[in-house]
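Asks:
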Amino acid sequence: MAVTKGKKLVSVSEDLLDAAAKVSREEGVSMGKLVEILLEQALKINKLKYRSDEMADFFDVLQTNRVLGGLFVPTDVLDFMLDKCQVNSSQLQNLWLESGRWTGKYLTEKFDDPLTAFGRFLKLTRWDLNEVDVKHVGNIAKIQCVSTVMSLESTAMLAKFVEGALAGIGYKMTSTDSLKGMLIMTFKR
Amino acid sequence: MLAAREDLADEMSAIAAQRGLTLFSLVNELLEAAIKVEDMGISLKEAVDAYELTKEAQDASFTLVLESLLYDTSDLAFENSNEAALKIWFDAGVWVARRYITRGTKDPLGAYEKELKVFGWNISSYTFDRSGQDISIRLVSPRFSKNFTVLLNSYLLGILNGSGYDVTFNEVGRGNIRLEATFKGVETINGGNKG
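Chains as they are written, first to last, in my numbering: chain A, -7 to 181; chain B, 202 to 396.
#1: Considering A285(B), what are the terminal residues of the alpha helix (DSSP H) in which it resides?
#2: Taking a Cβ distance cut-off of 7 Å, strictly less, list which residues of the stretch 20 to 41 of chain A are near chain B, in chain order.
#3: Do you know whose CA, among D260(B), L232(B), D367(B) and A278(B), lies nearest N122(A)'s CA?
#4: Examine the Cβ distances between the stretch 172 to 180 of chain A and the stretch 5 to 23 of chain A and report whether three or more of them are shorter than 8 Å.
#5: Taking only the alpha-carbon atoms, compute the straight-line gap between Y301(B) and A312(B) and give it to the nearest angstrom.
#6: Please identify, using Cβ separations under 8 Å, the residues of the stretch 235 to 258 of chain B that lie next to chain A, in order along the chain.
#7: Relative to the C-alpha of P106(A), which candidate in V53(A), A48(A), V21(A) and G62(A) has its C-alpha closest?
#8: How many whole angstroms separate the CB atoms of T56(A) and F113(A), which I take to be in contact at a CB cut-off of 8 Å?
#9: With a cut-off of 8 Å on the beta carbons, I'd call N377(B) and V341(B) a contact; round off their distance for me.
#10: Going by CA-CA distance only, name the one from L84(A), L116(A), D68(A) and E101(A) that's closest to A151(A).
#11: Pick helix, strand or coil for G472(B), following the three-state DSSP scheme.
#12: Residue range of the beta strand (DSSP E) that A133(A) falls in?
#13: Considering only the alpha carbon of each residue, which of E46(A), I161(A) and R118(A) lies closest to E101(A)?
#14: Measuring alpha carbon to alpha carbon, tell me which residue in D273(B), A235(B), V297(B) and L310(B) is nearest N86(A).
#15: Where DSSP assigns a beta bridge to E382(B), which residues make up the other side?
#16: Do you know how far the Cα of L270(B) is from the Cα of E90(A)?
#17: Alpha helix (DSSP H) containing P106(A): first to last residue?
#18: Determine whether the beta carbon atoms of T166(A) and L267(B) lie at a separation below 9 Å.
#19: Quick check: the Cα distance between F263(B) and V297(B), rounded to an integer number of angstroms?
#20: Locate the beta strand (DSSP E) running through K(-1)(A), then write down its first and last residues.
#21: Could you tell me which chain A residues have their CB closer than 7 Å to the CB of N229(B), listed as they occur along the chain?
#22: Check V126(A) in the structure and name its three-state DSSP category.
#23: With a threshold of 8 Å, are at least 3 pairs of Cβ atoms found where one atom belongs to the stretch 131 to 148 of chain A and the other to the stretch 204 to 216 of chain B?
#24: Would you please verify whether the beta carbon of P66(A) is less than 9 Å from any beta carbon of chain B?
#25: T140(A) to S3(A), Cα distance in whole Å?
#26: When the distance is taken between beta carbons, is R299(B) closer than 9 Å to G386(B)?
#27: Measure the Cβ-Cβ separation of L265(B) and T108(A) and say whether it is below 9 Å.
#28: Would you tell me roughly how many angstroms separate the C-alpha atoms of T223(B) and N38(A), rounded to the nearest one?
#29: Looking at the strands, I want to know which residues DSSP matches up with R206(B).
#30: In or out: M202(B) buried (at least 16 other Cβ within 10 Å) or exposed?
#31: By the three-class DSSP mapping on this structure, what secondary structure does L357(B) have?
#32: Taking C-beta pairs closer than 8 Å, name the residues in chain B that R118(A) reaches, listed in chain order.
#33: Note down, in chain order, each residue of its chain lying with its Cβ closer than 8 Å to the Cβ of G359(B), except the 5 sequence neighbours on either side.
#34: Mind pulling the chain B residues with CB within less than 7 Å of G(-2)(A)?
#35: By the three-class DSSP mapping on this structure, what secondary structure does Y163(A) have?
#36: Take F349(B) and list the residues in its own chain whose beta-carbon comes closer than 6 Å to its own, dropping the five residues that flank it on each side.
Shown next, in the form of structure tokens:
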């Protein structure tokens, strides 16, 4: 016996209706179907333990990575390569510093609040980090990163990258405390 | 007011309640998210799919590194220790393939191809052509350095090996990889073969 699923009326804000109608046209579906698709996605987002209001920000940062040329690499492969490269070499340190600087400059152009965007960028890209904390008060910024798995070499290179990124945003490093898996860095504009 | 499937609306009401919101405000939040990502040129579904894959990459201990940094770091590592560098990239490929298999994926190469659609931004073109038990992979990216291409080739060899393929042809040039392989079956823990 076929079962017809019941329908329920769902209220939406009137000022969103026009924009939603545009979305439905672009996706080639009716408004009713769009609502159904969105609700299905919302359930999926909830299962992934995320929130729909964060989805646009997530994708914005992912797109930023795409523009900057982010590549996925196994973390232990990266650690191995950093180990083989000898992180004391100024050549390697400069690479990471300059890459960070370029990232910071791009974030400054793209986002109104590049510091907050950088925090989101780190959270998205560095899953070996258990904690990323970016605070700024007045012209002082503090970045704290903690990882239970990051190697000493990886921590050192991340420090260079962060230093470069903040320089690209317009901050100068005033202090740094770096141990295996932990970074506490302070900057001043 | 818009009509929605009752079961979906009920589940959403439960989520709204968990978050201390009304269904109205949650649906509006959803619509706003869909509108924002549409302005970026994608649908909400595509954004959610990308997030899901990103979570999988996170669970698999991948990290995002800017490509210029990765190519330069790879070059230095390769110059310092090329055999060890090749081995670790190969082993990483095997691990990725085996991970797909242990999660019940019947076609690890297909899963990798799907991930490339989301994450293979830097690859100009790639093809995975199948014919019976044979597969032919072609990957082109002028952006890759020579050493990085060699390392990525090693990674693909690892994925093929972990997926139960024997490589019959391999050609690597800067930014250009060609591989042909035949499926032989995945080795089980006891050393047997599982086709």
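Note that the Cβ used here is the ideal one computed from N, Cα and C, for glycine as well.
Replies: Taking the geometry as given:
#1: Reading the second sequence from its first residue, position 84 is the one you call residue 285(B). Secondary structure note for A285(B): its alpha helix (DSSP H) is the uninterrupted segment N283 to T303.
#2: Shown in chain order are the members of the stretch 20 to 41 of chain A whose Cβ falls below 7 Å from a Cβ of chain B: M23, G24, V27, E28, I29, L30, L31, E32, Q33, A34, L35, K36, I37, N38 and L40.
#3: Counting from 1 along the first sequence, the entry for residue 122(A) is found at position 130. Residue D260(B) holds the alpha-carbon nearest to the alpha-carbon of N122(A) among D260(B), L232(B), D367(B) and A278(B).
#4: In short, these stretches do not touch, since the Cβ pair count stays below three.
#5: Taking the second sequence and counting its residues from 1, the one referred to as residue 301(B) is at position 100. Taking the second sequence and counting its residues from 1, the one referred to as residue 312(B) is at position 111. Near 8 Å, if we compare the C-alpha coordinates of A312(B) and Y301(B).
#6: Within the stretch 235 to 258 of chain B, the residues whose Cβ lies closer than 8 Å to some Cβ of chain A are A235, I236, K237, V238, E239, M241, I243, S244, L245, K246, A248, V249, A251, Y252, E253, T255, K256 and A258, listed in chain order.
#7: By one-based count along the first sequence, residue 106(A) stands at place 114. Nearest of V53(A), A48(A), V21(A) and G62(A) to P106(A), Cα basis: V53(A).
#8: To locate residue 56(A), count along the first sequence from 1; it is residue 64. To locate residue 113(A), count along the first sequence from 1; it is residue 121. Confirmed, about 6 Å.
#9: The count along the second sequence starts at 1 and reaches residue 377(B) at position 176. The count along the second sequence starts at 1 and reaches residue 341(B) at position 140. Yes, N377(B) and V341(B) are in contact; Cβ-Cβ is about 6 Å, under 8 Å.
#10: As a first step, residue 151(A) must be located in the first sequence, where it is residue number 159. Among L84(A), L116(A), D68(A) and E101(A), the Cα nearest to that of A151(A) belongs to L84(A).
#11: Shown here, chain B extends from 202 to 396; a query on residue 472(B) therefore has no answer.
#12: One-based indexing of the first sequence puts residue 133(A) at position 141. That run of the beta strand (DSSP E) goes I132 to V138.
#13: Start at 1 with the first residue of the first sequence, and residue 101(A) comes out as number 109. With respect to the C-alpha of E101(A), the residue from E46(A), I161(A) and R118(A) having the closest C-alpha is I161(A).
#14: Position 94 of the first sequence, counted from the first residue, corresponds to residue 86(A). For N86(A), the closest of D273(B), A235(B), V297(B) and L310(B) by C-alpha to C-alpha distance is D273(B).
#15: Residue numbering aside, residue 382(B) sits at position 181 when the second sequence is read from its first letter. Residue 382(B) is actually Ala in this sequence, not Glu. Note: A382(B) sits in a beta bridge opposite I336(B) and V368(B).
#16: Locating residue 90(A) in the first sequence gives position 98, where the first residue counts as 1. Locating residue 270(B) in the second sequence gives position 69, where the first residue counts as 1. C-alpha separation (whole angstroms): 9 Å.
#17: To locate residue 106(A), count along the first sequence from 1; it is residue 114. Note, P106(A): alpha helix (DSSP H), P106 to T117.
#18: Indexing the first sequence from 1 puts residue 166(A) at position 174. Indexing the second sequence from 1 puts residue 267(B) at position 66. Against a cut-off of 9 Å, the Cβ pair of L267(B) and T166(A) comes out as no contact.
#19: The count along the second sequence starts at 1 and reaches residue 263(B) at position 62. The count along the second sequence starts at 1 and reaches residue 297(B) at position 96. About 10 Å.
#20: Taking the first sequence and counting its residues from 1, one reaches residue -1(A) at position 7. First-last of the beta strand (DSSP E) with K(-1)(A): K(-1) to V2.
#21: Here residue 229(B) corresponds to residue number 28 of the second sequence, with the count starting at 1. For N229(B), the neighbours in chain A by C-beta distance under 7 Å run, in chain order, V4, S5 and L8.
#22: As a first step, residue 126(A) must be located in the first sequence, where it is residue number 134. It is a strand residue.
#23: Contact between the stretch 131 to 148 of chain A and the stretch 204 to 216 of chain B is not established, with fewer than three Cβ pairs separated by less than 8 Å.
#24: Counting from one through the first sequence, the residue named residue 66(A) turns up at place 74. True, the Cβ-Cβ gap to chain B drops below 9 Å.
#25: Walking along the first sequence from the start, residue 140(A) turns up at place 148. Walking along the first sequence from the start, residue 3(A) turns up at place 11. Each residue's alpha carbon lies about 46 Å from the other.
#26: The residue labelled residue 386(B) in the question sits at position 185 within the second sequence. The residue labelled residue 299(B) in the question sits at position 98 within the second sequence. Going by C-beta atoms, G386(B) is not nearer than 9 Å to R299(B).
#27: On the second sequence, residue 265(B) is found 64 positions in, with the first residue counted as 1. On the first sequence, residue 108(A) is found 116 positions in, with the first residue counted as 1. No, the Cβ-Cβ distance between L265(B) and T108(A) is not below 9 Å.
#28: Within the second sequence, the letter at position 22 stands for residue 223(B). Within the first sequence, the letter at position 46 stands for residue 38(A). When rounded, the distance between both Cα atoms is 16 Å.
#29: Within the second sequence, numbered from 1, the residue matching residue 206(B) stands at position 5. K(-1)(A), per the DSSP bridge assignment.
#30: Counting from one through the second sequence, the residue named residue 202(B) turns up at place 1. Under this definition M202(B) is an exposed residue.
#31: Here residue 357(B) refers to the residue found at position 156 when the second sequence is read from its first residue. Helix.
#32: Translated into positions along the first sequence, residue 118(A) becomes position 126. The contacting residues are T264 and L265.
#33: On the second sequence, position 158 is the one that residue 359(B) refers to. Excluding residues within five positions, the ones whose Cβ falls inside 8 Å are W290, F291, D292, A293, G294, V295, W296, V297 and A298.
#34: Against the first sequence, residue -2(A) aligns to sequence position 6. Simply E207.
#35: Numbered from 1 along the first sequence, position 171 holds the residue referred to as residue 163(A). Reduced to three states, the DSSP call for Y163(A) is coil.
#36: Counted from its first residue, the second sequence places residue 349(B) at position 148. If we look at F349(B) and ignore the five residues flanking it on each side, its Cβ neighbours are Y272 and S275.
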